[in-house]
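Taking it in order: structure first as structure tokens, then the write-up.
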Amino acid sequence: MKPFKTLLNMKSGELNPYKGVIERRLSDTKGMWLDAQAYSKLLNQEDKLIYKVYEVDVPQKSGQLPHCTTIIYPGKVGSEYFMTKGHFHLKEDTAEIYFCLQGEGYLLMQTRQEQVSYIQMKSGTIAYVPPYQGHRTMNTGDEEFIFLAVYPGDAGHDYKAVEERGFAKVLVEERGSPQLMRNPKYVSEPE
Ligand code: M6P
Ligand code: ZN
Numbered sequence: 000m001k002p003f004k005t006l007l008n009m010k011s012g013e014l015n016p017y018k019g020v021i022e023r024r025l026s027d028t029k030g031m032w033l034d035a036q037a038y039s040k041l042l043n044q045e046d047k048l049i050y051k052v053y054e055v056d057v058p059q060k061s062g063q064l065p066h067c068t069t070i071i072y073p074g075k076v077g078s079e080y081f082m083t084k085g086h087f088h089l090k091e092d093t094a095e096i097y098f099c100l101q102g103e104g105y106l107l108m109q110t111r112q113e114q115v116s117y118i119q120m121k122s123g124t125i126a127y128v129p130p131y132q133g134h135r136t137m138n139t140g141d142e143e144f145i146f147l148a149v150y151p152g153d154a155g156h157d158y159k160a161v162e163e164r165g166f167a168k169v170l171v172e173e174r175g176s177p178q179l180m181r182n183p184k185y186v187s188e189p190e
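Numbering-wise, numbering that gives the first Met the number 0 puts 92 at position 93 of the sequence shown, and it's gapless, one number per residue.
What follows is the structure in structure tokens.
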């Protein structure tokens, strides 16, 4: 493999070159939101783009460092901010670094034992996601929330637990600002 570089457009989050783009629209996020009615209503209006991920062409193998940019658009479903699906790593003892380029948002993390923590992110924030923690990001601002992520090549994505249960906390807007509250729909993971 040869050394290589990628150009990052700091304003749009676009990478050049990139291997692929993942686009997740509202219709890809069914069941992810607290307010199912608000979800259906919004979906009837428009199948909005929630976020996009540009991936650099790096092998998903031990020793490698795949990296990508994520652009989360501003918006809410009910009072809940637009967010990523969220995942654990298949190889759970792997960490990840998030570097915020633009906008503002939250990085929500949770262990399998339901210890929740969060980091507020703005341009220049470098956040460290320790091993064994599920992670999800939300856009709490009025513009695009853009960050670069770097993770071990053998980490893998495990969406199962988050798809089934969500996170123990949800981030909602209350009187104009983000509030983390208990997820009323959350059911604990079986032992
Ligand atoms: C970050 C990284 C990626 C991830 C993306 C979107 O860029 O953690 O690995 O794919 O966010 O998050 P998700 O896969 O949970 O939708
Ligand atoms: Zn990850």
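Even for Gly, the Cβ is constructed at its ideal location relative to N, Cα and C.
On a predicted model such as this, the values are computed, not experimentally measured, just so you know.
Asked                                                                                                        : Found
Cβ shell of K47 (< 8 Å), same chain only, five flanking positions each side left out                         : R24, L25, L41, Y72 and G74
6 Å CB neighbourhood of Y38 in its chain, flanking five on each side removed                                 : W32 and V76
Contact under 8 Å by Cβ, P130 with A94                                                                       : yes
Q101 classed as buried or exposed, judged by whether at least 16 other C-beta atoms fall within 10 angstroms : buried
Runs of alpha helix (DSSP H) wholly within the region 31-60 (minimum 4 residues, chain order)                : 35-44
Whether L170 touches M137 by CB criterion (8 Å)                                                              : yes
Distance between K1 and Q178 (C-alpha atoms, nearest Å)                                                      : 46 Å
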